[in-house]
Amino acid sequence: MRTSAEYFRLALSKLQSCDLFDEFDNIPCKKCVVVGNGGVLKNKTLGEKIDSYDVIIRMNNGPVLGHEEEVGRRTTFRLFYPESVFSDPIHNDPNTTVILTAFKPHDLRWLLELLMGDKINTNGFWKKPALNLIYKPYQIRILDPFIIRTAAYELLH
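What the sequence shown shows, in this note's numbering, is residues 16 to 172, in sequence order.
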C-alpha cells in the first residue's frame with residue numbers, strides 16, 4: 016500500500032516543470048480576482064470587468080462557456096479536486112493552469128492513475144470522480160498539501 020507522500024512524489028514526477036508563466040514577470044503590480052461558482056454573478060454582466068484582471072482564479076467546475084457575459088472568458092488558474100474537475104473536452108482552455116487541491120490520499124492516487132493511463136479506482140470518493148482528464152500534463156499543478164493544512168488548522172481557526 017502506498018502512502019500519500021509516495022503518491023505525491025510519483026504524481027509530481029509525471030508532471031512537467033511547475034514554473035509560472037514568463038508573462039507574469041512583466042506585470043509590475045498584478046490584480047487578482049477569485050470567481051466562485053455559486054451563481055451570485057447571474058445576470059450581473061461582470062464578465063468584462065472580471066476579464067480586466069491580470070490573474071483570474073476559478074473554483075471547481077464553475078462554467079465559463081455560455082456565461083461569458085456574466086463571468087468573463089479568461090481563466091488563469093482553476094482549483095479543483097477529483098470530484099469537481101471538468102471531464103468534457105469542450106471546457107478545456109489550453110491557457111488555463113489547473114491546480115489539484117488534494118484533501119485525501121485518494122486524490123493523489125486518482126491523479127497518478129490518470130497520468131499513467133491506469134484504470135481509475137473510484138473507491139474512497141464522496142462522488143464519482145472524473146474518469147478522464149481533459150487537461151494536458153503541462154497544465155496541471157498540485158497545491159502543496161501543507162498549505163491546505165495550514166489554512167484549515169491555523170488560519171481559519
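The beta carbon of each residue, even a glycine, is placed where N, CA and C say it ideally should be. Everything numeric in this text was worked out from a predicted model, so none of it was measured.
Reduced DSSP category for residue i - H, G, I as helix; E, B as strand; rest coil
i	result
LEU171	coil
THR165	helix
VAL79	coil
LEU115	strand
ARG175	Because residue 175 is not part of the residues shown, which for the chain are 16 to 172, the question remains open.
LEU148	coil
ASP122	helix
PRO104	helix
Residue i - containing beta strand (DSSP E), residue span
i	result
ILE135	Counting along the chain, ILE135 falls outside any beta strand (DSSP E), and DSSP gives it neither H nor E.
According to DSSP, residues forming a beta bridge with residue i
i	result
CYS47	VAL70
ARG156	ILE114
PHE95	LEU115
Residue interval of the alpha helix (DSSP H) (run including residue i)
i	result
LEU56	From DSSP, LEU56 is part of no alpha helix (DSSP H); its letter is neither H nor E.
PHE23	19 to 29
TRP141	Unbroken run through TRP141: none, as it is neither H nor E.
Cβ separation of residue i and residue j, assumed to be a contact under 8 Å, to the nearest whole Å
i	j	result
SER19	PRO97	About 14 Å; that fails the 8 Å criterion.
ASP69	THR90	About 13 Å separates the two Cβ atoms, so there is no contact after all.
VAL50	GLY81	That pair is no contact at about 15 Å.
ILE71	GLY87	7 Å
THR111	ARG156	Not quite, the Cβ-Cβ distance comes to about 11 Å (not below 8 Å), so this is no contact.
PHE95	ASN75	6 Å
SER102	ASN147	6 Å
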